[in-house]
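Below is one structure, written out as structure tokens; the observations come after it.
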Amino acid sequence: MDRRKLALVISVITILAVSSTAAIYFFSPPDNGSINFYVFGDSQGYQGGVEQIVTAANLHRPDFLFHCGDLTPFGQENQYQSVKAVWTCQ
Numbered sequence: 013m014d015r016r017k018l019a020l021v022i023s024v025i026t027i028l029a030v031s032s033t034a035a036i037y038f039f040s041p042p043d044n045g046s047i048n049f050y051v052f053g054d055s056q057g058y059q060g061g062v063e064q065i066v067t068a069a070n071l072h073r074p075d076f077l078f079h080c081g082d083l084t085p086f087g088q089e090n091q092y093q094s095v096k097a098v099w100t101c102q
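Sequential numbering of the sequence shown, starting at 13, is according to this note's numbering.
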């Protein structure tokens with residue numbers, strides 16, 4: 013590739029990167045400095061509670077979730093798969 017084509021490609025990539033960054037900055041919601049998070053306890057074996065937590069999290073969109081306890085009663089693969097299916101955030 014000759015130098016002119018290379019310079020053109022680099023220029024286009026630079027312009028796209030700068031404009032994308034500016035768009036993300038200007039169209040993002042304002043940061044008010046607060047952190048929104050959920051802390052919840054032992055949910056082992058109670059999928060109904062996990063489903064309620066996930067529903068609330070999808071509604072309120074916390075920055076992160078902190079789980080304090082067991083996800084499953086016996087740590088079996090099929091139990092983890094059940095929890096994983098519920099944890100899918102949208």
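Heads up, the beta-carbon is just placed ideally off N, CA and C, and yes, glycines get one too.
Cβ shell of residue i (< 7 Å), same chain only, five flanking positions each side left out
i: residue 99; result: 66
i: residue 51; result: 78 and 80
Whole-Å CB distance - residue i paired with residue j, under 8 Å assumed
i: residue 85; j: residue 49; result: With 8 Å as the limit, residue 85 and residue 49 do not qualify as a contact, their Cβ atoms being about 26 Å apart.
i: residue 54; j: residue 87; result: Contact flag wrong, Cβ pair sits at about 13 Å.
Residue i vs residue j beta-carbon contact at 7 Å
i: residue 95; j: residue 83; result: yes
In DSSP terms, what residue i is bridged to
i: residue 50; result: 77
Euclidean distance between Cα positions of residue i and residue j
i: residue 27; j: residue 17; result: 15 Å
i: residue 72; j: residue 24; result: 39 Å
i: residue 60; j: residue 22; result: 53 Å
i: residue 92; j: residue 14; result: 55 Å
i: residue 41; j: residue 47; result: 14 Å
i: residue 19; j: residue 58; result: 60 Å
i: residue 70; j: residue 45; result: 21 Å
Close beta carbons around residue i, own chain, < 8 Å, minus the five adjacent residues each side
i: residue 68; result: 50
i: residue 43; result: none
i: residue 89; result: none
Cβ neighbours of residue i in the same chain (closer than 6 Å, five flanking residues each side left out)
i: residue 63; result: 98
i: residue 56; result: 82, 84 and 85
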